[in-house]
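Engineer: Residue numbers (my numbering): 0 to 215. Glycine included, each C-beta is placed from N, C-alpha and C at the ideal position. Handing you a structure now.
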Amino acid sequence: MAYWRDYIIASRLLNIQKAIGIMSETLNAKCKILWPEVVHDYKGFSPGEVHHSAVNEAVKLAKLPGGDGFDDINPEDINDLINAHSQPLTDEDLMGMTKSASEEEEQGIEEEDEVGLTLDRLTTMIRMAREPQRVAQGWDSQILHSLQFSNIFEGGMSVYKNLLVRKKQRQQQLPMTMLLTRKKTPVTPASLEKTEARDESEKTAPPDEVAPSEQL
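Structural data, given as structure tokens:
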């Protein structure tokens, strides 16, 4: 306590003056243990020079693949990217990052179904394709002609039939965990005693009598 009572502004100024005279290597050695993020290990280079060198290296690496979007990259683009990621994330950003891939796939499938071949549309197409076959079979007296006509229609509709089957399977598919998980029945002392009693009775029960074979 006596030390702190004698610790005045003059003492603080003396300590600051001594700290200024400490070499940066000594400070780095101490800060690596307490706060490694602030340690500056690049001897002879300032943080600004290190940043400039890293940006130039990033530009060189980006131009190695070549092509559209790579040849036009400049240091300003790299700095803009760094500045964009230096801002704290908002709640909307976090929600977008934590959004699962399955949800995105489901949304993509729903959008595709709405504008493309849905289950209802595929079913309607197949049902409409069967109508000309029935007409041909009812009106044409030559069965061979109607069979050839039906075979052509069936071959052309096989693509959509297979697509309809795959879509139905994907819609009705259950998670594997629901199929593989079995409900475990808890073993109670009463059920255990019944099982042991049944096993004991089976051991002590007399064997079944075997009827003698008839003599010839």
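So V54 packs on N78, CB below 8 Å; how close in whole Å?
Structural biologist: 6 Å
Engineer: Which term fits E121, buried or exposed, when burial requires 16 or more other beta carbons within 10 angstroms of its beta carbon?
Structural biologist: Checking the sequence shown, residue 121 turns out to be Leu, not Glu. Looking at its Cβ environment, which holds 16 or more other Cβ atoms inside 10 Å, L121 is buried.
Engineer: For S149, which residues in the same chain have their Cβ closer than 8 Å to its Cβ, ignoring the five residues on either side in sequence?
Structural biologist: Q132, A135, Q136
Engineer: Answer yes or no: do L118 and K167 have a C-beta to C-beta separation smaller than 8 Å?
Structural biologist: yes
Engineer: Straight-line CA distance for M156 to R165?
Structural biologist: Each residue's Cα considered, the two are about 14 Å apart.
Engineer: Does F69 come out as helix, strand or coil in the three-state DSSP assignment?
Structural biologist: Correct three-state label for F69: coil.
Engineer: Among L163, P35, L33, whose alpha-carbon lies nearest the alpha-carbon of L116?
Structural biologist: L163
Engineer: Grab me the residues of D139's own chain with a C-beta within less than 7 Å of its C-beta, minus the 5 sequence neighbours each way, in chain order.
Structural biologist: So the list reads S145, once near-sequence residues are dropped.
Engineer: Looking only at its chain, what residues have a beta carbon closer than 7 Å to the beta carbon of D70, apart from the 5 residues adjacent to it on each side?
Structural biologist: K62
Engineer: Do you know how far the Cα of I72 is from the Cα of N14?
Structural biologist: 49 Å
Engineer: Express the C-alpha separation of E36 and A28 in angstroms, rounding to a whole number.
Structural biologist: 12 Å
Engineer: State the DSSP-derived secondary structure class of L118, mapped to helix, strand or coil.
Structural biologist: helix
Engineer: Roughly how many angstroms lie between the CA atoms of G95 and I151, to the nearest whole one?
Structural biologist: So the alpha carbons of these two residues sit roughly 50 Å apart.
Engineer: Quick check: the Cα distance between H50 and Q170, rounded to an integer number of angstroms?
Structural biologist: 53 Å
Engineer: Check D139 in the structure and name its three-state DSSP category.
Structural biologist: coil
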